[in-house]
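A short write-up of the structure that comes next.
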Amino acid sequence: MNKKPLVVKIPDPWRKSESEQMHQREKLAQSGVDFYDTNALMQDSPLINESIYVDRVHFNDAGYFEMARLINQHIGDTHE
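Letter by letter, the sequence shown follows residues 1 to 80 of the working numbering.
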């Protein structure tokens with residue numbers, strides 16, 4: 001079974017500009033690498049307003065399960 005590389009963007013305080021992000025996405029796409037911005041994934045989460053962090057930075061168990069659910073929703077069976 002061939003598996004494609006996967007890049008998941010983790011939220012960070014030094015977020016790149018939109019043009020830098022677009023350039024990064026284009027380079028990855030040219031290489032056949034999928035790119036997912038976890039900030040965007042979490043914005044659509046029904047749990048975004050729930051208590052999913054232990055310290056405003058790190059997920060608690062519910063946060064990790066939600067991030068896993070969102071990633072699986074987007075990549076499905078292609079990376080199992």
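No residue lacks a Cβ here, since even glycine has one placed at the ideal position from N, Cα and C. For clarity, every value in this text was computed on a predicted model and none was experimentally measured.
Spatial distance of residue i from residue j (CA atoms)
i          : j          : result
residue 20 : residue 35 : 14 Å
residue 64 : residue 54 : 11 Å
residue 26 : residue 68 : 25 Å
residue 29 : residue 73 : 20 Å
residue 80 : residue 17 : Any reading at residue 80 must be qualified, since the residue scores a pLDDT of 49, below 50, and its modelled position is unreliable; no value is offered.
residue 32 : residue 4  : 8 Å
Limits of the beta strand (DSSP E) - the one that residue i falls within
i          : result
residue 65 : Segment 61–75 is the alpha helix (DSSP H) holding residue 65; no beta strand (DSSP E) there.
residue 34 : 34–37
Neighbourhood of residue i by C-beta distance below 8 Å, restricted to the same chain and skipping five residues each side
i          : result
residue 62 : 47, 50, 51 and 52
Member of the options whose CA lies at the smallest distance from the CA of residue i
i          : options           : result
residue 75 : 60, 43, 37 and 58 : 37
Residue i, enclosing alpha helix (DSSP H) - first and last residue
i          : result
residue 27 : 18–30
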